[in-house]
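J.: Protein chains in written order, with the UniProt record's numbering: chain R, 1 to 307; chain A, 1 to 507.
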Amino acid sequence: MAKFIFYRILQAIFVVFAVTLTVSFAIRLTGDPAIMLSQGAGSITEADLERIREALGLNRPFLVQYWDFVSGVFVGDFGRSFMGGTSVGALIARALPATLMLALVSLFLSIVISIPLGITAAVSRGKWADQAIRILSLVGLSFPNFWLAIMLVLVFSITFRLLPPSGMEGPISFIMPAATMAIILTATNVRLVRTTMLETLRSQYVMVARAKGLSETKVLYKHALRNCAIPLVTYFGLQFGGLLGGIVVIERVFNWPGLGTLAFEAVAARDYPVLQAVITVLSLLIVSINLLVDIAYGLLDPRIRTE
Amino acid sequence: MRNVKKALTAALLASTVMVAPVFAAGTLTISSPQDPGNWDPIDTFLVNWASVATNIFDGLTYRGPDLELVPGLATGWDELDDGQRIRFTLREDVVFHNGEPFNAEAVRFTFERLLGEQGAAGPQQSNYVAISEVEVIDDYTVDFHLSEPDPVLLTKLAGYGAMIVPPQYIAEHGEEHFDNNPVGTGPFSFVSYSPREEIRLEAFADHWDGAPELDNVVYRFITEPSTAVAELQAGRVDIVIPPTIPVGMIPTIEAHEGISVVTVPSPTVQALRFNTQSGITADENVRKAIIYAIDRQAIIESILGGEAEPITSFQSPLAFGYDPDMELVPYDPDKAMALLAEAGIGAGATLQIDVRGNDSTFNEVAQAVSAYLSVVGINATIQPYETNVLINDIIPEGRTGEMFQQAWGGWTFDYDNTAYLMYHTGERWNPYDSDPELDALLNGQRSITDRAEREAMLQEIARYTADRALEVPLYNVNAIYGVSDRVENFEAAPDSRLRLTRVSVGE
Chain R
1 MAKFIFYRIL
11 QAIFVVFAVT
21 LTVSFAIRLT
31 GDPAIMLSQG
41 AGSITEADLE
51 RIREALGLNR
61 PFLVQYWDFV
71 SGVFVGDFGR
81 SFMGGTSVGA
91 LIARALPATL
101 MLALVSLFLS
111 IVISIPLGIT
121 AAVSRGKWAD
131 QAIRILSLVG
141 LSFPNFWLAI
151 MLVLVFSITF
161 RLLPPSGMEG
171 PISFIMPAAT
181 MAIILTATNV
191 RLVRTTMLET
201 LRSQYVMVAR
211 AKGLSETKVL
221 YKHALRNCAI
231 PLVTYFGLQF
241 GGLLGGIVVI
251 ERVFNWPGLG
261 TLAFEAVAAR
271 DYPVLQAVIT
281 VLSLLIVSIN
291 LLVDIAYGLL
301 DPRIRTE
Chain A
1 MRNVKKALTA
11 ALLASTVMVA
21 PVFAAGTLTI
31 SSPQDPGNWD
41 PIDTFLVNWA
51 SVATNIFDGL
61 TYRGPDLELV
71 PGLATGWDEL
81 DDGQRIRFTL
91 REDVVFHNGE
101 PFNAEAVRFT
111 FERLLGEQGA
121 AGPQQSNYVA
131 ISEVEVIDDY
141 TVDFHLSEPD
151 PVLLTKLAGY
161 GAMIVPPQYI
171 AEHGEEHFDN
181 NPVGTGPFSF
191 VSYSPREEIR
201 LEAFADHWDG
211 APELDNVVYR
221 FITEPSTAVA
231 ELQAGRVDIV
241 IPPTIPVGMI
251 PTIEAHEGIS
261 VVTVPSPTVQ
271 ALRFNTQSGI
281 TADENVRKAI
291 IYAIDRQAII
301 ESILGGEAEP
311 ITSFQSPLAF
321 GYDPDMELVP
331 YDPDKAMALL
341 AEAGIGAGAT
351 LQIDVRGNDS
361 TFNEVAQAVS
371 AYLSVVGINA
381 TIQPYETNVL
391 INDIIPEGRT
401 GEMFQQAWGG
411 WTFDYDNTAY
421 LMYHTGERWN
431 PYDSDPELDA
441 LLNGQRSITD
451 RAEREAMLQE
461 IARYTADRAL
471 EVPLYNVNAI
481 YGVSDRVENF
491 EAAPDSRLRL
501 TRVSVGE
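#1: Kindly give me the distance between the Cβ atoms of Arg31/A and Thr244/A, rounded to whole angstroms, as I take these residues to be in contact under 8 Å.
#2: Could you work out which residues of chain R lie near Ile222/A, taking near to mean beta carbons separated by less than 7 Å?
#3: Tell me whether the beta-carbon of Ala187/R lies closer than 8 Å to the beta-carbon of Ser137/R.
#4: Identify whether Met326/A lies in helix, strand or coil by the three-state DSSP scheme.
#5: Does Ile279/R come within less than 8 Å of chain A when only Cβ atoms are used?
#6: Got a sec: does the ligand NAD put a non-hydrogen atom nearer than 7 Å to the Cβ of Ile391/A?
#7: Would a C-beta distance cut-off of 8 Å place Asp238/A and Thr54/A closer than the cut-off?
#8: Under a Cβ-count criterion, where at least 16 other Cβ atoms within 10 Å of its own Cβ denotes burial, should Arg451/A be classed as buried or exposed?
#9: Roughly how many whole angstroms lie between the Cα atoms of Pro257/R and Leu67/A?
#10: Check this for me: beta carbons of Phe413/A and Thr61/A, under 8 Å apart or not?
#11: By Cβ distance below 6 Å, which residues in the same chain neighbour Trp408/A in space, the five residues on each side in sequence not counted?
#12: According to DSSP, is Leu73/A helix, strand or coil?
#13: So Ala119/R and Val193/R are in contact, right, with Cβ under 8 Å, and what is the actual spacing, rounded?
#14: Taking 8 Å as the CB-CB cut-off, is Val389/A touching chain R?
#15: Could you spell out the range, first to last residue, of the beta strand (DSSP E) harbouring Glu202/A?
#16: Identify whether Leu498/A lies in helix, strand or coil by the three-state DSSP scheme.
#17: At the 8 Å Cβ level, is Ser106/R part of the contact set with chain A, yes or no?
#18: Closer than 8 Å by beta-carbon distance: list the chain R residues that pair up with Glu112/A, in chain order.
#19: Have a look at Glu402/A and Phe102/A and give me their C-alpha separation to the nearest angstrom.
#20: Can you tell me whether DSSP reads Asp130/R as helix, strand or coil?
#21: Any idea what DSSP makes of Ser110/R, helix, strand or coil?
#22: Do we get a CB-CB distance below 8 Å when we pair Ala93/R with the residues of chain A?
#23: Under the assumption that Thr387/A contacts Ile394/A (Cβ atoms under 8 Å), give the Cβ distance between them as a whole number of angstroms.
#24: Spell out a yes or no on whether the segment 478 to 498 of chain A and the segment 257 to 264 of chain A are touching, meaning 3 or more CB-CB pairs, one atom from each, closer than 8 Å.
#25: Tell me the DSSP bridge mates of Gly409/A?
#26: Helix or strand or just coil, what does DSSP make of Met36/R?
#27: Taking the beta strand (DSSP E) that Glu135/A belongs to, which residues open and close that run?
#28: Taking buried to mean at least 16 other C-beta atoms within 10 Å of its own C-beta, is Gln34/A buried or exposed?
#29: Take Pro310/A as the anchor and find which of Ile300/A, Ile86/A and Trp429/A has the nearest alpha-carbon.
#30: Taking 8 Å as the CB-CB limit, is Asp43/A close to chain R?
#31: Can you have a look at Lys213/R and say buried or exposed, based on whether 16 or more other CB atoms are within 10 angstroms of its CB?
#32: Helix, strand or coil: which one does DSSP assign to Ala106/A?
#33: For Lys3/R, count neighbouring Cβ atoms within 10 angstroms of its own Cβ and tell me buried if that reaches 16, exposed if not.
#34: Return the Cβ separation of Gln168/A and Glu100/A in integer angstroms, given the expectation that the two are a contact with Cβ distance under 8 Å.
#35: Decide if the segment 135 to 143 of chain A is in contact with the segment 68 to 81 of chain R; the criterion is three or more beta carbon pairs, one per stretch, under 8 Å apart.
#36: Could you tell me which residues DSSP pairs with Leu28/A in its beta bridges?
What follows is the structure, given as structure tokens:
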């Protein structure tokens, strides 16, 4: 087991390294921030641009800039934003909790909804409840998330003025963005829970449990659901990673002060330090979650550990 | 289940109380599309810096929504030594928000900082290089010594980099503190700043121009137009400042009760410029034909909802150097075809139009242009680029198609700031053309301090570029504000620099 974890951690470090290197390199191909910074400043000469590049440290070779960034990350210094010199560490420290909270609330909501719905669909397979749930899930899958978000804003913020259309001003601000994400997630999760449950229900130990005369609730929630846990935990864990990526659009629509909004604006402004830092933090997060899932998987299922 | 229902109802009711517009009387909330990230005047170039900071800082001169240059912290000025020296008389009894007095020393400090090492790292310095020295004559008199006359200098003194900053405060707290905690002499003083979220200001009762009507101002940074408009509709934002609202959203706002759209001509102009070096547009007659072939008025009516004015040269009517007597090239496809025939261009000629891919309105305009061109037998393809790629790589490197989009927002409202950069040989926005006669005109007007004479020369430059058909001057767009009806005494500023001294809010 120790060896298994050791190799997984090595892999994770390599992935984070590769991601940051690629991103740092790729964003430098997309244009010169000095020109972005001097637009509207009137007459700009090549000498002005050179001065600004020097002030931003952009005239140094790429590998030097990259090394600077990486060595900074190790001591917790993410550098300064090109937009006004704000400390990137401070920006991330504000944005990361906002994004994590939104992602966790959305995932939690989705799990709470999809497990009972999925089980109901599996138990009443082929009956009207199953059909209804499957149709609902298909409808949920077909919504583009930004459209759903805008519709929610129209109804709850503009027509009824119940919820704030944007910003993060306390628990009430979570309702619409989390609901949007949860609806989209639930649409897939319900199907997953249903399929997993159907498979489990066919197994012999379920038959044994029923033969013992246990109540159907006990059979479902005590025996079957536990055995569904392995694939579901893996899937939800991996989903959390994908969720962090998908949150960008939702954050933008709701002006959520999270990593997505930060990354979006950094791309538009060619703000290399901010973008590098956001991507590094996101990849660290996703890689660690995958790592945890792998380890949890190994713990839950001895067969994987021994391989 | 019943309990859940009860809890939900309670939660919804509670939320209603929380969300219903809870504006304190006298608080104005503004949505701004971008956080400049730094409030120091010499570190910025962004319009959305100015839309906030014009309330925190004052310059020696001030230019309001009517674009007239009026005294600011200077009560008057005299040009001496043939424009090589300008003497300013300063306003007395002005204090900074921290209580520090404003005087000649503050002016000298401001410009030495701007023109020295501190300013060199920012984008503002190059606008003020004509100033060689600021000499303190007495507490309320300063002389600006100029290395060369700069006819636009007085206007620039109302601009970003020339805002007067407090010497003692900066010495005491340091540059970095000043970036995030600005202090000026303006009508509102700084309260708090959350990067990428909001900045809060409060009224500065001791302002020399009288205390503001409002108590507090909150600027929220909202990038997404539909989100900003939703906030306006929900009654949680009072003013959405440009550039946020696209033309397409005007009907949505107009249809909603309690809010409205206010538009004002902006300095921003759009043109389709020509590659005058290669392709069919190297021929002047072809360029003229293309201008005749495009019905700009129809484009403005149908795509821009009428929120623009056709232009005769690459400047807005607000710019110094604009010639009201210059005539618009009419829409005349027959003449276009005749000119094309003269140039030996038959049906089926092709050209490429480069546009900013994320500018959806302009993409529609480009499609309309392409349709007009097909009427006269030219097949135009539209090549969208990511904005930054277009302005960083494609245009300056001379890698455009035969035509390319150029949007320009000359904040000095002086044609020099546009024309020199667009037409002078070797400028980065001018990758194709080199015209000694035009260069001579462009250089000549820079050394003339007589306003009327210089205006005439700028008008001559505009006519010259029209004669050579260096671009299709398209239109001057309006700046679009979304405003709640509770806002009183609102006056839309063409340059987004909303000074809020006289603005108030009703119930």
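Think of the CB as a built atom: it goes at the ideal place given N, C-alpha and C, for glycine as much as any other residue.
T.: The relevant details are as follows:
#1: Checking the sequence, you will find Ser at residue 31/A rather than Arg. Rounded, the Cβ-Cβ distance is 7 Å, consistent with contact.
#2: Ser166 and Asn255
#3: yes
#4: coil
#5: no
#6: The model on display carries no ligand, and the ligand NAD is accordingly not part of it.
#7: no
#8: exposed
#9: 36 Å
#10: no
#11: Val269 and Thr418
#12: coil
#13: First, the amino acid is wrong: residue 119/R is Ile here, not Ala. Right, the Cβ-Cβ distance comes to about 7 Å (below 8 Å), so this counts as a contact.
#14: yes
#15: Glu198 to Ala203
#16: coil
#17: no
#18: Per Cβ cutoff of 8 Å: no residues; Glu112/A is ~18 Å from chain R at best.
#19: 54 Å
#20: helix
#21: helix
#22: no
#23: No, Thr387/A and Ile394/A are not in contact; Cβ-Cβ is about 10 Å, not under 8 Å.
#24: yes
#25: Thr268/A
#26: helix
#27: Ile131 to Asp138
#28: buried
#29: Ile300/A
#30: yes
#31: It is Gly, not Lys, that sits at residue 213/R in the sequence shown. By the 10 Å Cβ count, Gly213/R comes out exposed.
#32: helix
#33: exposed
#34: 5 Å
#35: no
#36: Val217/A
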